[in-house]
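The block underneath contains the structure these notes are about, expressed in C-alpha cells.
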Amino acid sequence: MNGKVILYLMGKILYFLGVVFAVPMFLGLGYQDVGAKIFAVCMIASFLIGFLFQKLGTKITEQYNLTNREGILTVVSTWLIAVCFSSVPFLAAGMLGPVDAFFEAMSGLTTTGATVLPDIEIWPRSLLFWRVWMHWIGGLGIIVIFIALLPRISGGAAHLFNAESSGFEGERLLPRLQKTAQALFQIYIFITGCTAILLLFCGLDLYDAVVHAISAVGTGGFSSYNDSIVHFKSLSVELVLGCAMFFAGGNFSLYFKVKRNGPGVLLKDDEFRCYLFMYLTLVTLVTVSLAAYGFSPFRGLREAFFQVASFVSTTGYVSADFDQWPTFPKLCLMLLYFTGACAGSTSGGIKISRIIVLARGVKEGVVKALHPQESRPILFNGHKIENSVFALVLSFFFTYIGIFVLVSIAVVSTGVDIQTAVTAVLACLSSIGPGFGPVVGATGNFAPLPSAAKLMLAFTMLLGRLEMYTLLILFHRKFWNGRSRW
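Residue numbers (this note's numbering): 33 to 518.
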C-alpha cells in the first residue's frame, strides 16, 4: 500500500472541498453575514492543506492502478477529513462545541439529518445553507462527484467508486467509470433542479426552494426552520417534496436506463416494483389506521403520503408530529428504518434489493425443505444470484443487525433511556434522522444526549453511509499487512 498515493488523492479532494466552500461563502457575501469570512478561511485552508498533501504525496497518472486497499483507505480518510473540515464553520461561529460540531457535520455529509441545534432559525443563512449543501455533496457521494468532475484520477478509480457506492450488483452504466459518474451526476442535478423550480411555483422564495430541494434530493432532511416542513402549511409543497423524496430513493442507474429506453424499464425492475408496492401499501395502511384513530381521510392520506415518503427514502423531513400517532402507523414507519430505499440511491438502510434477495432465499429454503432433491436458483431481475453473492447479502444483513444491537447497548450504557437509544441508533445507522420519543422524535433533537453517545452515533452514521464493510475492514489486521497487494 502506497501511503503517498493516498495523500496525493486526498490533496486533490481537498481542492474539491475548497470549491465546495466557495458556494456558501458567496451566499454569505450576498446576505452580509458572518459566514462569508468563515467560509473564505475554510476555502483557503482547504486549498493550502490540499497543496501540502499533494507536495508530500506521490503524483499519479491515469496508468497507475490503485489497489483495493488503497481505494478503501482513501475513501474512509476522505470522509473523515471532509467531516472535520465541515465542522469548522460550526465551531468558528461560536455556537457549537467540538463534539456537537462534529456530530452536525457528520449528520450533514452522511445525509442522516439528525441535529443538535435546538433553535435553527437564529443561525446565519449561509450556515443554514451549509448544513443542506453537505447533504447534496454527501448524497451522491464525495468520491462519485469528484470522479465525475475530475477525470484521470487513476486507472484504479473503480475501487474508490465501489467503496462508496451502495448495493451489491456494482453495475457499470458506461464503459468508462468517469462517464458513469458524470451520468449519475447529471441525473442528480436534473432532479434537484426540477424540484427547486416546482417549489418556486408553490410560492417558496429562491432560498427556501433551493435549500429544501437539495435537502430532499440528497435525502438528508435538514430544513432552515425549526418545525421543518410543517412551517409552510402547504399541501403543494408537501406533494412536491414527497415526490422528490420518493424518486431520490430510486436507483439512479435505473433512471439512466429510463433516459435511454423509456419509463417502461421502471416496472420491469424487481427492486423498483417492490419499492413502489411497499410505498403504496404502507401509505394505505397508515391512512386507514389514522382514519380509524379519528383523523379525517384527507388528513390521514396527506400525512401518510409525506411521512412514508420521508422514512422510506431515509430523508427524515417532518410534516406532522408522528409521535402522536397510534402504535400501528408508528410501527409501519419503524419498519422503514431497516429497509431503506433502492440500491444506487442517496438513501440509507439495508436496501430493498437485499431484502428481495433474502426473501427469495427464504422461499427457496422452504422449497428445499419440502423437496430436498429440487434445486432452483435465486433470481434477481432475471439473473441468477450466485451463492457467493447471496452469502455476502446474508452477511451484510446480520452485520447490520449486530451493529444495531451493539451500538444500542453502548448508547444505553451512557445513561440514555432504551426508547431513545434504540430509535436514535436505528435513525443514524439508516440515515433517517429523527427517532421516536420526546428527546430525538419528530419535535426533538439530539442535543440532550451525552457527548459519548453523540460520538458513537456519529460513528454509526459513517458506518451506515459506507455500508459498514468499507469502514469495518480497517479493523482487520490483514488490511495493514504490507506484504499483501489487494
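Built from N, CA and C at the ideal position, the CB exists for glycine as well.
Candidates 136, 368 and 98: which alpha carbon is nearest residue 116's? For the residues 136, 368 and 98, the minimum Cα distance to residue 116 belongs to 136.
Less than 8 Å between the beta carbons of residue 506 and residue 108, yes or no? Yes. Within cutoff.
Would you decide whether residue 407 is buried or exposed? Buried here means 16 or more other CB atoms lie within 10 Å of its CB. Exposed, by the Cβ-count rule.
Checking 8 Å against the spacing of the C-beta atoms, do residue 19 and residue 500 come in under that value? Here the chain comprises residues numbered 33 to 518, so residue 19 is not present and cannot be evaluated.
How about residue 304 and residue 312: are their beta carbons less than 8 Å apart? Contact: no.
Within the chosen definition, does the region 453-460 reach the region 425-441 through at least 3 CB pairs nearer than 8 Å? Short answer: they touch.
Run the CB neighbour count on residue 158, radius 10 Å, all protein chains shown included, and call it buried at 16 or more, exposed below. By the Cβ neighbour-count rule, residue 158 is buried, with 16 or more other Cβ atoms within 10 Å of its own.
Please state if the CB of residue 269 and the CB of residue 231 are separated by a distance shorter than 8 Å. A contact, by the Cβ cut-off of 8 Å.
Go ahead and label residue 342 buried or exposed: buried means 16 or more other beta carbons lie within 10 angstroms of its beta carbon, across all protein chains shown. Residue 342 is buried by the Cβ-count criterion.
Beta-carbon separation (whole angstroms), residue 462 vs residue 372, contact threshold 8 Å: Residue 462 to residue 372, Cβ: 6 Å. Contact.
Do you know how far the Cα of residue 271 is from the Cα of residue 164? In this structure, the straight-line span from the alpha carbon of residue 164 to that of residue 271 is close to 20 Å.
CB of residue 503 within 8 Å of CB of residue 495, strictly: Their beta carbons are under 8 Å apart, which means residue 503 touches residue 495 by this criterion.
Applying the 10 Å Cβ sphere with the 16-neighbour rule, what's the burial state of residue 397? Under this definition residue 397 is an exposed residue.
For residue 414 and residue 424, I'd like the C-alpha separation in whole angstroms. Distance between the alpha carbons of residue 414 and residue 424 is about 19 Å.
So, is residue 464 buried or exposed, given that buried needs 16 or more other C-beta atoms within 10 angstroms? When all chains shown are included, residue 464 counts as buried.
Local conformation of residue 417 per DSSP, three classes: The answer is strand: DSSP assigns residue 417 an E or B state.
Going by DSSP, what residue range makes up the alpha helix (DSSP H) through residue 412? It is not in any alpha helix (DSSP H) - residue 412 instead sits in the beta strand (DSSP E) that spans 410-412.
Within the same chain, show all residues whose beta-carbon is closer than 8 Å to that of residue 258, passing over the 5 residues directly before and after it, in chain order. Contacts found: 151, 152 and 153.
To the nearest angstrom, how far is it from the Cα of residue 225 to the Cα of residue 243? Each residue's Cα considered, the two are about 11 Å apart.
Short Cβ contact (8 Å threshold) for residue 353 with residue 469: No. Outside cutoff.
Starting from residue 148, trace the alpha helix (DSSP H) in both directions and tell me its first and last residue. For residue 148, no alpha helix (DSSP H) segment is defined, and its DSSP state is neither H nor E.
If residue 79 and residue 50 are in contact, beta carbons under 8 Å, what's the gap, nearest whole angstrom? Contact flag correct, Cβ pair sits at about 4 Å.
Under 8 Å between C-beta atoms of residue 348 and residue 253: Yes, Cβ-Cβ distance for residue 348 and residue 253 is below 8 Å.
Spatial distance of residue 238 from residue 227 (CA atoms): Spanning the alpha carbons of residue 238 and residue 227 requires a straight line of approximately 12 Å.
Do you know offhand how far residue 395's Cα is from residue 431's? It is roughly 22 Å from the alpha-carbon of residue 395 to the alpha-carbon of residue 431.
Compare the C-beta of residue 393 against all C-beta atoms of chain B and say whether one is closer than 8 Å. Annotation note: the requested chain B is absent from the structure, which comprises a single protein chain.
Measure the beta-carbon distance from residue 296 to residue 377 and round it to whole angstroms, keeping in mind my assumption that it falls under 8 Å. 20 Å between Cβ atoms; not a contact.
Looking at the ligand SAM, does it come within less than 7 Å of residue 266, judged from the CB to the closest heavy atom? Judged by which ligands are present, the structure shown has none, so any question about the ligand SAM falls away.
Three-state secondary structure assigned by DSSP to residue 249: Note: residue 249 maps to helix in three-state DSSP.
Alpha carbon to alpha carbon, how far is residue 46 from residue 389? The straight-line gap from Cα to Cα measures roughly 38 Å.
Below 8 Å on the Cβ atoms is my contact criterion, and I expect residue 374 with residue 382 to pass it. Report the Cβ-Cβ distance as a whole number of Å. Not confirmed; about 11 Å, so no contact.
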